[in-house]
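Accompanying notes for the structure given below.
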Amino acid sequence: MFDFEPRLIDLANEAELSLRDQFARIDALSYDRQKGVLSAFAEEQVSTACFAPSSGYGTDDLGRDTLDRVWARVFEAQSAFVRHNLVSGTHTITVALFGLLRPGDVMLSVSGTPYDTLHGVIGLSGKPGTGSLADFGVQYEEIALKEDGEIDLAAVKTRLLKGDVKMVYLQKSPGYSTRRPLGNEIVRALRALLDETGSRAILTVDNCYAEFCEEHEPPYYGADICMGSLIKNAGGGMAECGGYIAGKEEYVDLCAQRLTCPGIGTELGATLGMTKSIFKGLFYAPHTTAQALKAACFAAALFEKIGMRVIPGAGDPRLDIVQQISLNDPELVEAFCGGLQAASPVDSRATPVPSPMPGYEDQVIMAAGAFTQGASIELSADAPMRAPYTVYLQGGLTYESAKLGILNAAHAVLRSKGSRG
Ligand SMILES: *Cc1c(COP(=O)(O)O)cnc(C)c1O
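So the sequence shown is numbered by my numbering: it starts at 2 and just counts up by one.
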């Protein structure tokens with residue numbers, strides 16, 4: 002295994018040489034963000050007592066309450082909560098949407114149509130009567146991104162001036178679209194636009210895949226609230242499951258009333274021994290995210306050299322951990338995913354095949370050999386089977402293992418191309 006052809010080794014060495022500045026920037030970022038995390042642990046006095054499991058109602062759970070405060074500090078937010086029983090990113094975002102929106106309110110998505118799994122939540126797809134926002138009379142509007150993939154700020158402004166927008170919703174990472182990620186500069190621009198137009202809309206950010214990729218998190222740049230999953234960046238590869246919501250106190254509190262029930266909020270909820278892995282994950286998150294960022298850069302540089310179109314480009318700024326690689330050929334997508342899977346620490350014998358997925362129009366192929374099921378902070382790749390046959394690669398608990406996985410994927414792609422001339 003890992004007996005790569007000399008040509009591939011040469012390309013990998015060239016790729017790494019070309020990334021020296023990028024890697025230095027990523028190391029510096031991770032160091033800075035680690036300072037923020039360690040300071041928050043010290044300021045909130047994280048202690049062994051915080052790791053004790055609670056059961057039943059989970060009243061007065063020191064670890065849970067401390068974790069919430071640590072999280073708020075790291076995110077530079079007034080308030081936050083983190084829970085293992087937020088079952089996924091979609092669930093976490095759903096708690097925030099239902100916590101904040103009321104019948105008759107308008108939710109305005111400014112980054113085009115949100116992530117696939119949210120369509121049913123908003124009521125864009127599926128039958129009425131499933132309990133979507135639409136069922137409860139929440140109105141949804143969206144503003145498409147411009148041709149160049151940027152937010153159409155002029156159109157957003159026009160809509161805000163018409164009034165009656167309760168929530169401005171931004172998704173940073175591209176999901177299964179071929180746009181670039183949107184960073185916190187956009188959050189800043191949207192904040193300025195809200196202030197300028199006098200709009201009181203709640204600036205809400207889907208922060209999935211973007212945590213620890215920039216100097217600060219969305220609340221610092223003026224977001225009212227942001228959400229994410231613990232089996233992506235913020236869980237550092239250590240959290241077993243969960244999600245978080247961070248932002249202005251009044252909004253986080255409304256979400257907390259929805260998380261449990263009105264009147265209880267964050268005061269109850271047994272942690273069952275999950276708290277330590279979430280603390281540990283947050284401790285690791287700056288470093289683990291840096292590993293994933295380096296892996297994404299390496300994949301971009303290597304596949305650029307192999308002649309594929311990649312987004313972002315190897316030298317582009319990194320605003321999330323996702324790397325798009327357009328292979329232009331369904332067989333190469335299968336080869337890529339097969340190569341990646343075979344180099345995984347878990348389930349390396351599995352063969353990824355395209356299959357139908359609930360909520361997706363095209364068949365989807367997924368490669369993941371993760372310790373934590375579905376964790377995409379671990380090296381993983383997925384692709385909807387449609388032109389331009391773009392693979393979405395993300396994660397890597399360690400740069401070394403991710404590099405091996407990416408090389409094995411490249412090896413399989415080159416062999417598949419070679420065998421067909
Ligand atoms: C992953 C992701 C989600 C949803 O998270 P799940 O855990 O898959 O439900 C939402 N938005 C974006 C941008 C994502 O990348």
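Where a beta carbon is used, it is the ideal one built from N, C-alpha and C, also for glycine. All values derive from a computational prediction rather than experimental measurement.
Secondary structure at C242: coil, using DSSP grouped into helix, strand and coil. The shortest C-alpha to C-alpha distance from S381 to any of Q364, P346, L415 and E241 is the one to P346.
When DSSP states are grouped into helix, strand and coil, A78 belongs to the coil group.
Judged by pairs of C-beta atoms under 8 Å, the segment 321-338 touches the segment 354-372, as three or more such pairs exist. DSSP, reduced to helix, strand and coil, places V392 within a strand of the structure shown. Residue burial annotation: I265 is exposed, with fewer than 16 other C-beta atoms found within 10 angstroms of its C-beta.
As computed with DSSP, T205 is found in a beta bridge with Y170 and I226.
The DSSP assignment places 365-369 and 381-385 as complete runs of the beta strand (DSSP E) inside the segment 357-393, in order along the chain (cut-off: 3 residues). Y32 and A211 have their alpha carbons spaced roughly 17 Å apart. In the three-state scheme derived from DSSP, where H, G and I count as helix and E and B as strand, S110 is classed as strand.
Beta-bridge partners of Q324 (DSSP): L394. For Y252, the enclosing alpha helix (DSSP H) has its first and last residue at E250 to L260. With respect to H412, F99 sits apart: the two C-beta atoms are not nearer than 7 Å.
Taking every protein chain shown into account, the CB of D117 has 16 or more other CB atoms within 10 angstroms, so this residue is buried. With a threshold of 6 Å, the Cβ atom of Q172 counts as near ligand 1, since some heavy atom of the ligand is closer than that.
In this structure, DSSP gives E45 a state outside helix and strand, which the three-state scheme calls coil. Between N409 and A343, the CB-CB gap stays under 7 Å.
One alpha carbon belongs to Y400, the other to E17, and they sit about 12 Å apart. One alpha carbon belongs to F52, the other to G64, and they sit about 6 Å apart. Residue environment for G236: buried (at least 16 other C-beta atoms within 10 angstroms of its C-beta).
Counting along the chain, no beta strand (DSSP E) covers I10; the unbroken alpha helix (DSSP H) around it starts and ends at P7 to S19. Beyond the five residues adjoining it in sequence on each side, T289 comes within less than 7 Å, by CB distance, of G237, G238, I378 and L398 in the same chain, given in chain order. By the neighbour-count definition (other C-beta atoms within 10 Å, threshold 16), T131 is an exposed residue.
For I312, the three-state secondary structure derived from DSSP is strand. Distances from the CB of T91 to the heavy atoms of ligand 1 include at least one below 6 Å. Annotated three-state conformation of V414 is helix, per DSSP.
Rounded to whole angstroms, the gap between the alpha carbons of V111 and Y393 is 23 Å. Contact between L283 and V38 is confirmed by a C-beta separation of about 6 Å, below the 8 Å threshold.
In this structure T93 is in contact with G229, their Cβ atoms being roughly 7 Å apart against a cut-off of 8 Å. Non-local beta-carbon contacts of I144 in its own chain, meaning distances under 6 Å to residues more than five positions away in sequence, involve V111, D153, A156 and V157 in chain order. For the set Q325, D254 and M309, the Cα lying nearest the Cα of A296 is the one of Q325.
CA-CA distance, D11 to A403, rounds to 18 Å. Relative to the Cα of Y141, the nearest Cα in the group I307, N234, K173 and L102 belongs to L102.
The C-beta of L161 has 16 or more other C-beta atoms within 10 Å across all chains shown, which makes the residue buried. In this structure, the CA atom of S327 is about 40 Å from the CA atom of R201.
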